[in-house]
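Quick note, the sequence shown lines up with residues 558 to 811 if you use the numbering used here.
We treat Cβ as the ideally placed atom computed from N, Cα and C, and that holds for glycine.
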Amino acid sequence: MIKKKVLFIGFTGRIGPSLLEEYNLKYKDYYDVVIGINKTKPFGDYEIVKINLSDLDDLTSVFVGFDVVVNLVANADEKDENFMNFVEPNLIGVYNLLEAAKRAGVKRVISASSVHAIRGYPLNGEMVKMNFAPKPLNYYGATKVFLEAMCHVYAHAYGLSCIAIRIGAYVSNDMRQKVCLTRDNFDYVISQRDLAQLIHRSIIAPDSLKYAVLAGSSNNSKKFMSLEETKKLVGYEPEDDGYEMCNIVKKDVF
């Protein structure tokens, strides 16, 4: 069986390196991964390619030959009140990403959306299902709504399989203590191994899955986002509960 060729971009930031730890432990036999970076520098033992989301033609040429592109590139500062800081990475970059994938013959794009696309719903209200209307509270969240909408356009107008994952509050293994001691709720926490699994499940999901918005959350005792549709669509089986995980951390500290 020929392994899929997968391009990871945006994996040099806050989330990516820890996800690659999980990939090396559990998923490296499933597909061949290449790391796309903006600056030419060594990145472990991976094959690397230089990418520039602002250059559509160059991006298209880089994407040729890949089956799946996984994108984490964004300005993710939810407190940034200067809209212009989001235009290049979160709007133009999203268009270039999807258009380049279409032109290059990529079969699937998996992109990081965010819980901030729906953060306007109350924490103690009904669990947010994936068919609820978006309710962003900041520019960052609004750009993630744009990403999800563009995914729908490219899936239904051009046949590109496009999956957006609404990533919650990410907790890498090495940041577990800091996050658990500073947060006051864990309703949309997602652990390192759960997010890695969700991305993996999205990569290997059937080709018939053309469009999906998935809930990027662990199996928390209290949930902000419903996981039922995500489990059904890609077979996601989260292993962690943010509340249990952080109770253990607090007991160890105090």
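Residue i classed as buried or exposed, judged by whether at least 16 other C-beta atoms fall within 10 angstroms
i: Tyr-715; result: exposed
i: Thr-739; result: exposed
i: Asp-744; result: buried
i: Ser-774; result: buried
i: Pro-679; result: exposed
i: Gly-573; result: buried
Cα-Cα separation, residue i to residue j
i: Val-644; j: Lys-788; result: 33 Å
i: Ile-559; j: Val-625; result: 14 Å
i: Arg-733; j: Phe-689; result: 30 Å
i: Leu-577; j: Pro-693; result: 29 Å
i: Phe-781; j: Val-672; result: 9 Å
i: Leu-613; j: Tyr-800; result: 43 Å
i: Met-687; j: Gln-754; result: 19 Å
i: Lys-583; j: Arg-750; result: 10 Å
i: Glu-604; j: Glu-579; result: 17 Å
i: Ala-712; j: Arg-723; result: 18 Å
i: Asp-602; j: Lys-596; result: 16 Å
Beta carbon of residue i nearer than 8 Å to that of residue j
i: Asn-730; j: Ser-575; result: yes
i: Val-666; j: Ala-658; result: yes
i: Glu-705; j: Ala-674; result: yes
i: Arg-568; j: Leu-610; result: Here the sequence assigns Phe to residue 568, which means Arg is not the residue at that position. Contact flag unset, no.
i: Val-606; j: Gly-593; result: yes
i: Leu-771; j: Ser-783; result: no
i: Ile-756; j: Val-663; result: no
i: Ala-721; j: Ser-668; result: yes
i: Gly-698; j: Glu-635; result: yes
i: Val-619; j: Val-590; result: no
Local conformation of residue i per DSSP, three classes
i: Ala-726; result: strand
i: Tyr-584; result: helix
i: Val-627; result: strand
i: Met-782; result: strand
i: Val-606; result: strand
i: Val-702; result: helix
Chain C contact for residue i (CB, 8 Å cutoff)
i: Leu-766; result: As a matter of chain content, chain C is missing from the structure shown, which is built from one protein chain.
Residues bridged to residue i (per DSSP)
i: Asp-589; result: Lys-562
i: Lys-664; result: Note: Lys-664 sits in no beta bridge, so no partner.
i: Leu-771; result: Ile-722
i: Val-685; result: Met-782
i: Ser-670; result: Arg-723
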